[in-house]
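Peer 1: Take a look at this one; I'll ask things after.
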Amino acid sequence: MKPFRHCDIKLLQEERMDCLLDGRLSVIQSTRGYRFSVDPLLLSEFVTTRPGDVVVDLGTGCGIILLILLYTRNINRAFGLEIQEELAGQAARNAAINGFKDRMHVIMGDLRQMPMKKGWADVVVCNPPYRPRMSGRINPDLRRAIARHEMMASLEDILRASAHLLGKKGRVALIYSASRLGDLLSTMKRHNLEPKRLQLIHPSSCSDAKLAMVEALFAGKPGLTVMPPIISQGRFSIEGGP
20 MKPFRHCDIK LLQEERMDCL LDGRLSVIQS TRGYRFSVDP LLLSEFVTTR PGDVVVDLGT
80 GCGIILLILL YTRNINRAFG LEIQEELAGQ AARNAAINGF KDRMHVIMGD LRQMPMKKGW
140 ADVVVCNPPY RPRMSGRINP DLRRAIARHE MMASLEDILR ASAHLLGKKG RVALIYSASR
200 LGDLLSTMKR HNLEPKRLQL IHPSSCSDAK LAMVEALFAG KPGLTVMPPI ISQGRFSIEG
260 GP
């Protein structure tokens, strides 16, 4: 493990500070390259957590999902695994500026060579790349390419890592392309992750679903609840928080 230590917070070149939750959360992210979208906001609202949970975010980016969960939920600790040094540094600084440096820990590492112990987490979350490695146009910006295409980790890699991290009754929640929902469900089952909740996201009431959120239970019994769909129409708000 390679944890980032607390340091003086400053914006680097090509970084900006954004606010969420009516200014109650501050988030450093890049002005170019990777920036979070609405997807992690949706996932942070969808995932089930319980008081005292330990949450791991695979490919945490700037740490946005963990920041929201720490602010809106009564979880114990949060760990973000990130392979890109620039994003890991942003996540660590975001933890510090929001007062979470003692509860949110950022680890620079590769989920394919999992640096965290087996059965360590109660909950795993992930907003993975949606596109297979060689499909479509690859963005010339490496940071964006890694976020969109399976260049550093495949769906198989992500769910294998999730199963490794989860203890008994542990849960994993992902947001994924609706067009690849079949791949997601079958890969979950292959790694002893039983899909329990499914929610589809539509751009409008007359459009096909574009995204799907699935939560699975490690070594769970069969039984899937299909929740009412989200009709986003470009708008979404996060509930909760003081």
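In our numbering, the protein residues as written are 20 to 261.
Heads up, the beta-carbon is just placed ideally off N, CA and C, and yes, glycines get one too.
1) Could you tell me which residues DSSP puts in a beta bridge with D76?
2) Could you tell me the distance, in whole angstroms, from the CA atom of I102 to the CA atom of V75?
3) Among S196, P248, A197 and G239, which one has its Cα closest to the Cα of P214?
4) Within 10 angstroms of the Cβ of D58, are there 16 or more other Cβ atoms? Answer buried if so, exposed if not.
5) Rounded to whole angstroms, what's the CA-CA distance from M246 to V144? Just pull it up for me.
6) Please go through the same chain and pick out, in chain order, the residues whose beta-carbon is closer than 6 Å to the beta-carbon of L161, but skip the five residues on each side of it.
7) DSSP state of I250, grouped into three classes?
8) Assuming Q267 is part of the alpha helix (DSSP H), what are its boundary residues?
9) Going along the chain, which residues of its own chain have a beta-carbon closer than 7 Å to the beta-carbon of A114, five neighbours each way excluded?
10) For a test of the three-state rule: what should DSSP assign to E175, helix, strand or coil?
11) What are the uninterrupted segments assigned as alpha helix (DSSP H) that are 4 or more residues long and contained completely in the segment 175 to 255, given in chain order?
12) Roughly how many whole angstroms lie between the Cα atoms of L230 and L30?
13) Compute the Euclidean distance between the alpha carbons of I87 and P241, then round it to the nearest angstrom.
14) Just checking my contact of S49 with E33 at CB under 8 Å: how many whole Å lie between their CB atoms?
15) Determine whether the beta carbon atoms of L106 and A97 lie at a separation below 8 Å.
16) With DSSP collapsed to three states, give me the class of Q132.
Peer 2: Quick answer:
1) Paired residue(s): G99 and V144.
2) Rounded to the nearest angstrom, the two C-alpha atoms are 14 Å apart.
3) Comparing Cα-Cα distances from P214 to each of S196, P248, A197 and G239, the minimum goes to G239.
4) Buried, by the Cβ-count rule.
5) Distance between the alpha carbons of M246 and V144 is about 19 Å.
6) Confidence is the limiting factor: at L161 the pLDDT is only 49, short of 50, which leaves the residue's position unreliable and the question unanswerable from this model.
7) Here I250 carries a strand assignment [DSSP, helix/strand/coil].
8) Residue 267 cannot be examined here, being either before or after the span of the chain that is shown, 20 to 261.
9) For A114, where only same-chain residues beyond five positions count, the Cβ hits under 7 Å are G82, K120, M123 and V125.
10) Annotated three-state conformation of E175 is helix, per DSSP.
11) The segment 175 to 255 contains these whole alpha helix (DSSP H) runs: 200 to 209.
12) Distance between the alpha carbons of L230 and L30 is about 33 Å.
13) C-alpha separation (whole angstroms): 30 Å.
14) About 6 Å separates the beta carbon of S49 from that of E33, a gap short enough to meet the 8 Å contact definition.
15) In this structure, A97 does not lie closer than 8 Å to L106 by Cβ.
16) The answer is helix: DSSP assigns Q132 an H, G or I state.
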